[in-house]
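Below is one structure, written out as structure tokens; the observations come after it.
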Amino acid sequence: MRRSTMRVLLCCIAFVAVTTPTHAGDYEKAWEALHKNDKVHAYELFRKVLKSDPAHKQNAYAALVLLESYDGHGDAFLGKYPSPFSVITDLNPYTYALWFTDGMLGPYGIKEGKELENLNTVLTDPRFNGSLHAAAKYYKGLHYLRAGQYTASAGLYSQIGALNNWQFVGSFDNISGSGFNKDYGPLKEPNKGKGFTSYNNTRIDWFTPSITDNAGWMFVGTLFPAASSVGYAQTFVNSPVEQDAILCLGGNGSLKAWVNDKLLIAQEDELATELDKFNVRVHLKKGYNRVLIQIGFTNPGSNFIVRLTDDKYEPLKGISTSGKVETYAVDNSTDTPELLPHFAEAYFKKQAEKYPNDPIYAILLAKVYNRNQQFDKSKDALFKFFEKNPGDPLLAYQYLECLSSRYDRTDISALVELLKQTDPDNTLVMQGHESELEDEKKWADALELVNRLEAREGQSVWTISKKMFLHANLQHVDSMVTLLKKAYEVYPDELDIVMGMYAYNQKMVRNPAEAMRILEKYAAGHNNTKIQEQLAEDYFQQNEPEKGLAALHNIIQTAPYELYVYSPLISHFFASQQYDSAIHYLEIEHSISPYNSSPLGTIATCYLQKGDKAKALDYYKQALALYAGGTTYREKIRELENKPDVFSYFPKMDYYAAINKDLKAPQDTAKSYYYIFDDENVVLYAEGASEQVTNTAIYINKKDAIEQWKEISIPYNSTYSDLTIIKAEVVKANGTKISAETYDNDIVFTRLEPGDVIYYNYKVSNYGIGRLGREYWDKFYFQASVPSKLARYSLMVAAPLSINYVMKNADDVKPVESDHEDFHMYTWEMKNVPAFKDEPYSPSLGDIGKVLHVSTVKSWDVIAEWYSDVTRQQSKENFDVLKTLQQIFPNGEANKLSNDEKAKKIYNFIEQNISYSSVAFRQGAYIPQRASKTLNTRLGDCKDVSTLFVSLARKVGLDANLVLVSTRRNGQQSMVLPSMEFNHCIARFRDGDNYRYLELTDNQLPYNALPQNDVGAQILNIPFNYDTKESISLLKPANKNDVSLNRQTKVQVGATDLKVKTILTVTGELASGMRSRFADKDEEEMRQALQQSAASHFKNPVSLDSFDVANLDNLDDSVSIGTAYSVKNEVIGVGDINMIKPPYMDVIATSDVFSNEPRQYPFTYWLYENTDHYTSQIEMELPAGKVFDQVPSDVKASFRDMKYELTYQRVAPGKLIINRRFLTNIIDDIPASEVGQMKDFFNLIVNAEQKYISFK
């Protein structure tokens, strides 16, 4: 009876617990608590909802999964909460979103316990769709692979339904993602035989690797030997009947998919997705159907997976694949396939729209996007909640996961700092703080923090590992060892702890047997190449070669489709001189990746070691054919063919004899130094590489040359070139040689003094990739600012290459031509070349000197098309660009504005928010960073800010593009032949029938103004979508804002002093200069600067009375500065007559730039003058009773298109108005023949403005 009563009571309690309704809004209150950073209350409410609110329990469960993981308790989640599949009702989307969380499956690895139970449930439960079934099979297959259970792993992989039997062809050019829309040929040519041109300009063809990954994912990085590449894969699917199916595609890279030559999928963004990310309906013909995949990548780890499924995403039954080219019917239908929405994405988008105030749907939608690296979409999904609730730590952490480490580093840093402030006691935040203490080497503080965290949370792998590390740095060896032994006992499957225990036994206590036993125990249950390599090394050391070889073979078994797994075994055989065995595995590597030069080159070396020179030669030639940059291959080939060093064909010279001759009898020159010789020899190889050897000797004549030559840097491109400094030394007057100090490309000449010679000899081996990689261009200056006893440039060009050359300003210097083997040599030589005449404001040496230009590039069109391709992707719109546009043009404002108005608003935004920065490690030489990265970092160089403008401008309908610039200081003939020797980048856009050019690197330059260094510079237009021919030209915009200076001055003349009020208004680059000079000064600094400026115009004392400024703090077209000051003793008295000199203040002409010698070179006027228009008005008023006496006559003069006017107007006996106007042309140089006239013109102006005015 008592037992029966108790049973009834328990049932009643259970019934009450189940049926008692939750308080209204507990789920919403949980989120409100989180928004207020009240996690304790949030936990309580979410748990309450989980038990008693069926309508919200799956959302509460998801929130708890994320919250527990964020707080560092995720590994204990499944022990504290029920199985997700007993709570979640909408299984497929929630399982997909939470896939890698601790509440579901956790990260990839060997699974056990409830995570393994969950995995098996997804694997077998029919409630899950075929896509999740396939993902679970891959997951468990990897679980078996990590445990070394290869057969079980392969069995699951085969059930995924991924297409196999692929043929491949690649690599094709893909610099900066430029290859996505290029037609490289494989689409139209499925058959092997005709071949294609690869990224490094070699011939490639379709191939079938001997081994591929059996996991469904085709990893192509090994197959395509390029860090940045486009490749293709094809297979032929045999369908027993004509049927409809779904083509499912996923991968790491940019992807295209064709079926029967009809394009079905094209995803240009380079993403790392899950399987079945891009899905489209497809109609299979009976018989064979060609499936072609294009994959592009600029990062390692590229792969793809293709499945053909039914409507439930289960593998299509009855189909098979063939690795041979089969006959198929081309699909000529013209309809445009549409991607099917991803099931999880579609579900959470719908729920987010239905319940816009519930953050969980936005969070889970963001997690769906993040699984496929669609970070822009995930940020867009979550941003409004994060922006509204910045104090919510969970939202902040989830938004942090939406940020790309590649493009959003600045935002990531800001969010981490936010979490430190809002949730300082969070486990992840504290772990981050511990890492910072380590960086600062505050070992004791870090240990204290770890102990505090362990006391609160309990021991974990992280805490015990950190304590070991910190005790070691504190020299607490006993404590470290005690912790290590404890860690190994508790966590015997943790690799780092296993390796620590191994090192302890191997190195500290010298017990190799125990060390080996530890590795063997771990290897028995884990598949790990690092462990196998260490085991192999130990076995060989212990004279157990059979076990050592077995361990090396185990490495191969882990991933037999990757080349790196064969390297340890090959190295072993090579080191032990078992060359045939090494060759065997190298041939396997070659059969996997037949267009990789490395295995072939190593095979050649093996045959050379065996003494088989014929086979060595054959394999070296094969390797060189695949990699033109193989300098060693080329040298070995010449050696085996008994050919001389290719540089032996160049003109001979005894360099030391020439040096010694000058040491004994130096050249008589007033210059500080001179060139004894400057000799450059260049070889262009047919494969696309080049080598350059330079020999230079400089005689140090005077002490001031030491400062210039004591340190030099050899110019070279460290990405595509190898530099060898052969010699670098100081040759003393007595012939003693002192070796210079060298590091990388830097040379420091020590103990240098007048009468010494510095001599350096270096070799640069160049090898580029892509369309421009095969090209070569160069310039050689035969003339310098000092004399040259010998200047020589020799170029040896291999057939069938051709070279274009132009010798500027030395038409009489012709090349000596000769043939050597299959090379054609050109040699240009000049002896006793005088220094060019040093004249003020002369053009750049490139314009007036004797300069040789060489180039293999056929036209500027080639350069423009290439740069258009490699930069287009960088200006692509994304979340940050769109968000910025909303900021610049709120409420669709752009639709109401003209092109010019839209451009101006974008320009002003960039100038006010982005700072110019050019640092080598942040930017590459040619490729701009993504527009989004420039926005996030608020930093960019010229090509970055110009790309940002283009990105924003095109999104609001402007026809905008980049323009490459060789700035005016380089000269107007610095590039005579096509090359990429530009040093600047600007933007342009179409405004009606005209184009406007914008300089975006000067944050204080008004809109539509251009600096002088741009105007008249060489430019190359880069169309956004290249479809027309381009050529180099000079930038002479018709509609830029002129640079003007206007000064209005009032002078009140006293008995001896002057009271002056002047207003200076400047535009264009002058406005930028004024802002740069004054904008950041406080009032007192401004006063001092203006006082000094005013005083500079007078010889007598000046005191500033007052000042005012306008537009220093904005980007208006003009800047105005008004000043009032007094000048003491400026009135000169001679008897009854007084004299004053009008204060023009702004100098427009000087006479000290001219000499009496005949001018040889043009006068570069833009370097002298920076203003288009001067206008000045001076109003002079005398004291009462005084009248002007002698007033100079008006002056009007002109020279070329310069016009000068100086007029005087007496408006009253004691009041005079002086107007000065000067119009210039600062673009064009003045011919040397007209400099004398210019001198006269300037002298006239100088004399006119030196005249005094008298009054009495």
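Residue numbers (mature numbering (1 follows the signal peptide of the UniProt record, and there is no 0)): -24 to -1, 1 to 1232. Where a beta carbon is used, it is the ideal one built from N, C-alpha and C, also for glycine. Note that the coordinates shown come from a computational prediction; the quantities given were computed from them, not determined experimentally.
Which of helix, strand or coil does DSSP assign to residue 539?
helix
List, from N- to C-terminal side, the beta strand (DSSP E) runs of 3 residues or more that fit wholly inside the segment 15 to 58.
none
Is there contact here, the segment 683 to 699 with the segment 742 to 753, by at least three beta-carbon pairs under 8 Å?
yes
Name the residue from 932, 846, 20, 645 whose alpha carbon lies nearest to the alpha carbon of residue 810.
645
Considering only residues of the same chain and omitting the five flanking positions on each side of residue 1156, which have a CB-CB separation below 6 Å?
1027, 1192
For residue 1221, name the three-state secondary structure that DSSP assigns.
helix
Per DSSP, what are the beta-bridge partners of residue 747 in this structure?
DSSP lists no partner for residue 747.
Taking buried to mean at least 16 other C-beta atoms within 10 Å of its own C-beta, is residue 517 buried or exposed?
exposed
Threshold first: 3 residues or longer. Then list the beta strand (DSSP E) segments lying entirely within the segment 227 to 253, N to C.
238 to 248
Select from 155, 573, 936, 182 the residue whose C-alpha is nearest the C-alpha of residue 205.
155
Using the Cβ count rule (16 or more neighbours within 10 Å means buried), how would you classify residue 1058?
exposed
Strictly by DSSP, which residues pair up with residue 513?
Paired residues: none, contrary to the question.
To the nearest angstrom, how far is it from the Cα of residue 1104 to the Cα of residue 1149?
31 Å
Status (buried if at least 16 other CB within 10 Å, exposed otherwise) for residue 797:
exposed
Would the segment 562 to 576 and the segment 194 to 204 be scored as touching if the rule is three or more Cβ pairs under 8 Å?
yes
Give the single residue among 976, 1038, 964 whose Cα lies nearest to the Cα of residue 1012.
964
Quick one: is residue 936 near chain B, going by C-beta distance under 8 Å?
Going by chain labels, chain B is absent from the structure shown, which holds only one protein chain.
Contact defined as beta carbons within less than 8 Å: I believe residue 514 pairs with residue 484. What is the distance between those atoms, to the nearest angstrom?
Incorrect: roughly 16 Å between the Cβ atoms, too far for contact.
Is it right to say residue 80 is buried, meaning 16 or more other beta carbons lie within 10 angstroms of its own, or is it exposed?
buried
Could you give the distance in angstroms between the alpha-carbon of residue 59 and the alpha-carbon of residue 65?
12 Å
Residues near residue 1214 in its chain [Cβ-Cβ closer than 7 Å; skip 5 each side]
1139, 1175, 1206
8 Å Cβ cutoff met for residue 278 and residue 229
yes
Mind checking which residues open and close the beta strand (DSSP E) that includes residue 1039?
1034 to 1043
Does the structure place the segment 140 to 149 close enough to the segment 184 to 199 that three or more beta carbon pairs sit under 8 Å?
yes
Backbone CA spacing between residue 369 and residue 32 [nearest angstrom]:
21 Å
For the beta strand (DSSP E) that contains residue 756, what are its first and last residues?
753 to 757
In the DSSP assignment, the alpha helix (DSSP H) including residue 836 goes from what residue to what residue?
836 to 848
Measuring only the C-alpha atoms, how far is residue 663 from residue 272?
24 Å
Excluding five sequence neighbours on each side, which residues of the same chain lie with their C-beta closer than 6 Å to the C-beta of residue 1129?
816
Please classify residue 629: does DSSP put it in a helix, a strand, or coil?
coil
Just tell me which of 414, 444, 418, 410 has its CA closest to the CA of residue 428.
410
My guess is that residue 181 and residue 168 are in contact by the Cβ rule of under 8 Å, so how many angstroms apart are they, rounded?
5 Å
Buried or exposed, going by whether 16 or more other CB atoms sit within 10 Å of the CB of residue 1216?
exposed
Can you give me the Cβ contacts of residue -3 inside the same chain, cut-off strictly under 7 Å, excluding the 5 residues immediately before and after it?
With a pLDDT of 42 at residue -3, under the threshold of 50, the modelled position of that residue is not reliable, and no figure is offered here.
By the 10 Å Cβ neighbour count, where 16 or more other Cβ atoms means buried, how is residue 1006 classified, buried or exposed?
buried
Have a look at 551, 912, 61, 749 and flag the residue whose alpha-carbon is nearest the alpha-carbon of residue 832.
749
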